[in-house]
Amino acid sequence: MSTRLLPLVLAVALVAPLSACGVGTSSDGRPTVVTSFYPLQFVTAQIAGQHVRIVDLTAPGVEPHDLELKVRQVAEVANADLVVYESKLQPAVDDAVAQNAKHHALDVAPDVDLQEGNPHFWLDPLRLARAAAAVEKRLAALDPKHAADYAANLATLDTTLTTLDHDFSAGLADCARNVVVTSHDAFGYWSRYGVRSAPIAGLSPDAEPSAAHLEQLRALIARDHVTTVFSETLASPKMADVLSHDLGLTTAVLDPIEGVAKGSSADYVSIMRKNLAALQQANGCKVSS
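Read in order, the letters of the sequence shown are residues -20 to -1, 1 to 269 in mature numbering (1 follows the signal peptide of the UniProt record, and there is no 0).
In structure tokens form, the structure reads like this:
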């Protein structure tokens, strides 16, 4: 048995006793929805308003790829009215859903047209809107009494995300450069806006790049006159700092929005707009007044 599955098996054995503790439907009768990480928590909260109790499995400041579930969290997955997650992003969540929540889980992956091998769909506002529509459909079926509210909230969110998409398209339409050097390969969905992602590492922020890859990256930086190397929130800036220091480049920060910092008041939309401003600054984009 794998070391990852052993804690899950032990947790499953304890789920039944915990069920009596009111993990599922809240004491005021609202449905409980468990979300696996921040972007799904964001869209669920925007649609649900105060009609549901939301429990997010990934705490602020925690890198979602590294999530390991505690016994209490496995019980929350088992006893929720709905679990909203993205398969193949967080193995611990996949295991918990497979063991405890097959019939009350929503995997958004089939709805968002994932790029092969890249789970970071939420960085495309229109793909996040598709996930939101899937959430709204399930919430309306779960709680038909508030279906009209869910539909109205989805319409508002859809307008917000469509506007954000338009602003990215317009804001990155006229730039001196289009290459973005980042810590890991999270930003491929911005190719719709003409952004060419050049990651130092692969899809995992902890991956170590090979010497050959770093040499190719240096050549790309020189050829395309790249001025900035981006580190990321929730990940070590070490590789980005070393590369920028070696080549005399500026450093800046992009946020893949895998989570939010502890104590932060920022949300998905404000973080995306901050990302847009950072891209425009680094790539010499003309910004209309």
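We put the CB at the ideal spot given by N, CA and C, even for glycine.
Status (buried if at least 16 other CB within 10 Å, exposed otherwise) for residue i
| i | result |
| --- | --- |
| P44 | buried |
| S245 | exposed |
| residue 284 | Nothing in the structure corresponds to residue 284, since the chain is present only between -20 and 269. |
| D46 | exposed |
| A191 | exposed |
| P105 | buried |
| E195 | exposed |
| D8 | exposed |
| T142 | exposed |
| V222 | exposed |
Cα-Cα separation between residue i and residue j, rounded to whole angstroms
| i | j | result |
| --- | --- | --- |
| Y130 | K242 | 28 angstroms |
| M219 | N98 | 21 angstroms |
| V14 | H193 | 39 angstroms |
| E188 | A181 | 6 angstroms |
| H100 | A128 | 30 angstroms |
| K266 | C155 | 6 angstroms |
| S163 | W170 | 15 angstroms |
| K117 | G29 | 15 angstroms |
| T207 | L229 | 5 angstroms |
| L227 | R198 | 8 angstroms |
| P124 | V77 | 24 angstroms |
| A120 | R10 | 13 angstroms |
| P71 | E48 | 9 angstroms |
| K254 | D74 | 31 angstroms |
| A203 | P179 | The sequence shown places Arg at residue 203, not Ala. Between R203 and P179, the C-alpha separation is close to 16 angstroms. |
| A132 | K82 | 29 angstroms |
| P40 | H84 | 25 angstroms |
| S268 | L122 | 45 angstroms |
| D145 | P217 | 28 angstroms |
Beta carbon of residue i nearer than 7 angstroms to that of residue j
| i | j | result |
| --- | --- | --- |
| G168 | Q95 | yes |
| D36 | Q53 | no |
| Q26 | L103 | no |
| residue 270 | R176 | In the structure as shown, the chain begins at -20 and stops at 269. Residue 270 is therefore absent and cannot be evaluated. |
| D93 | S67 | no |
| T12 | D61 | yes |
| T24 | V51 | no |
| H205 | H126 | no |
Contacts around residue i, its chain only, beta-carbon distance under 6 angstroms, and the 5 residues preceding and following it disregarded
| i | result |
| --- | --- |
| V233 | S211 |
| I251 | D235 and I237 |
| A89 | E66 and S67 |
| F17 | T38 and P44 |
| S224 | V209 and T231 |
| A166 | H100 and P236 |
| L69 | P99 |
| V200 | The identity of residue 200 in the sequence shown is Leu, whereas the question assumes Val. Hits under 6 angstroms: A178. |
Same chain, Cβ closer than 8 angstroms to residue i, five either side skipped, listed in chain order
| i | result |
| --- | --- |
| D91 | R110, A111, A113 and A114 |
Same chain, Cβ closer than 7 angstroms to residue i, neighbours up to 5 away in sequence not counted
| i | result |
| --- | --- |
| P19 | W102, L108, I237 and Y248 |
| V42 | G239 |
| N264 | What sits at residue 264 in the sequence shown is Gly, not Asn. Closer than 7 angstroms at Cβ, skipping near neighbours: C155, A156 and R157. |
| L134 | I27, A112, A113 and E116 |
| D147 | L256 |
| T213 | V233, D235 and A241 |
> Taking one C-beta from the stretch 136 to 156 and one from the stretch 245 to 259 each time, how about it: are there three or more such pairs within less than 8 angstroms?
Replying inline: yes
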